[in-house]
Amino acid sequence: MGHYNLALPLIGKMRFLGIQVDIYTFNIAINCYCRLNQVNFGFSLLGTLFKRGYTPDVTNTLLNGLILDDKTPEAVELFKKLMRMSEIELDVVMYGTIVNGLGRTGNIIRAVSLLRIMEEGSCKPDTVVYNTIIDSLCNDRMVEDAMKLFSKMNEHGIRRDVVTYTSLIHGLCNFARWKKATGMFREMLDSGIAPNVHTYSVLLDACTKEGKMKEAEEVLEVMIQRGVDPNVVTYSTLMDGYCLQGHMNEAIRVFNVVVKRGLHPNVFSYTILINGYCKKMKIDEAMLLFRELPRRGLKPSTETFNAMLQGLFRSSRCGAAQELFNEMEAAGIIPNSQTYVYVALEKEGGFRYLFSFLGPVAVEDHRPTVVEDDDSYYVEDLDDDYRDGPEGKRLSQAAMASLAFS
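So that you can map any letter, position 376 of the sequence shown is 414 in the numbering used here, and since no number is skipped, the others follow by simple counting.
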């Protein structure tokens, strides 16, 4: 959070010492409160400024503060009031702030409506505003609408940048439209726009999900040739692709490259390998990596524990799994529904044991969901491969039996 929490006491000390606090300092204080998600204090200072006869230039700061504080509806209402005030001139940054808030909260239709108002008014949208809406459309799986907006940018003479192209490539990859995505990538290069690490990571992720590991390696090679340094996320994505294919030697090779390049694998990197080893029933190798985490100054996540628990149960090491579960709770790692599903699998009574375990889970809204489908039942929290396996089928039978107790 920067030094916002340090600036506020300093401003308070200035006032205590009788040092004149001008409007510029007040603006800084309001910005600090907003950045610290304490928007109410920001509005209090705004009232003080009005009483002193100042006209503060913090409107966008307050709008952004409300959005950062997950109060987008309040930000929209404030924006509407500002639109009716002739003495305040709305600029593209203010519009962009509201568009961003609407997009983040899934109100993409309202964001597009605001874009239309900008296009017809005196305050025209810029690249940032278009990028925000294109990204939101892609995230909402409305890629065709995003493509139309992309074309409109060109018609209106709005410059497209790396963010524009990356958002669209990501959206196309999510729909497995690989040919169109690579075409967009080539168009990006032809336009003289240099892809960044995020662009390459999106392409690489799409390749690995499709099992195209050769193409993924080619993307990585092009990335390095063009002087873009892969980060831990990039390499972790490649590792995950190899793990999904069951090629653990290749995944470890990539992991070693990360270390040799002076990068630091994170918890996500380790979890990928642990999960890969567990799926290959190489539990000892997975446990070695799991125990390496604290030595690297890393704390296992819920997903890390889940991967390890699943591996232990699948290898019938129920005692070790129970010990690991106790270790998880002692470390303050909050189990989720999938954690309890794994714990329940090896217990007599299946779901009856699971529901007796669910005191803290129910509070955290992690109760596993039993779904009815064609006169059968399954647990929604399980991944497809696990659900269709012997343990998943056994748990589904337990789910059916548990209905009498629910």
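In this text, a Cβ means the ideal position worked out from N, Cα and C, and glycines have one as well.
Original post:
For Y238, which of G230, E225, D228, V266 has the nearest alpha-carbon?
Top reply: V266
Original post:
Do you know how far the Cα of L362 is from the Cα of I247?
Top reply: Rather than Ile, the amino acid found at residue 247 in this sequence is Lys. Their backbone Cα atoms lie some 31 Å apart in a straight line.
Original post:
The alpha helix (DSSP H) with I372 in it runs from where to where?
Top reply: No alpha helix (DSSP H) contains I372, which DSSP labels as neither H nor E.
Subject >> the stretch 306-317 touching the stretch 260-277, judged by at least three CB pairs closer than 8 Å >> reply: yes
Original post:
Are there 16 or more other CB atoms within 10 angstroms of the CB of H194, so buried, or fewer, so exposed?
Top reply: exposed
Original post:
If you follow the alpha helix (DSSP H) that L336 is part of, which residue opens it and which one closes it?
Top reply: Per DSSP, L336 belongs to no alpha helix (DSSP H) and is neither H nor E.
Original post:
In or out: F117 buried (at least 16 other Cβ within 10 Å) or exposed?
Top reply: buried
**OP:** For A442, count neighbouring C-beta atoms within 10 Å of its own C-beta (all shown protein chains included) and say buried if the count is 16 or more, exposed if not.
**Re:** With a pLDDT of only 33 at A442, under the threshold of 50, the placement of this residue in the model should not be trusted; the figure read from the coordinates follows. Exposed, by the Cβ-count rule.
Subject >> Best match in W216, I231, L227, S229 for proximity to V240 [C-alpha to C-alpha] >> reply: W216
Subject >> Of the residues R148, R334, I321, the one placed nearest R352, counting alpha carbons only >> reply: I321
Subject >> Nearest-angstrom beta carbon gap, M185 and Y168 [assumed within contact, 8 Å] >> reply: Contact flag wrong, Cβ pair sits at about 12 Å.
Original post:
Less than 8 Å separating the beta-carbons of G134 and T110?
Top reply: no
Original post:
For the stretch 107-173, which segments carrying the alpha helix (DSSP H) assignment without a break, of at least 4 residues, lie completely within its bounds, in sequence order?
Top reply: 110-122, 130-142, 146-158
Subject >> DSSP state of G221 mapped onto helix, strand, coil >> reply: helix
Subject >> Same chain, Cβ closer than 7 Å to L128, neighbours up to 5 away in sequence not counted >> reply: L120, M121, C161
Subject >> Q5, DSSP secondary structure in three states >> reply: In this structure the chain extends from 39 to 444, so residue 5 is not present and cannot be described.
Original post:
Who are the Cβ neighbours of S394 in its own chain at under 8 Å, not counting the five residues just before and after it?
Top reply: Per-residue confidence for S394 stands at a pLDDT of 37, beneath the threshold of 50, marking its modelled position as unreliable; no derived number is given.
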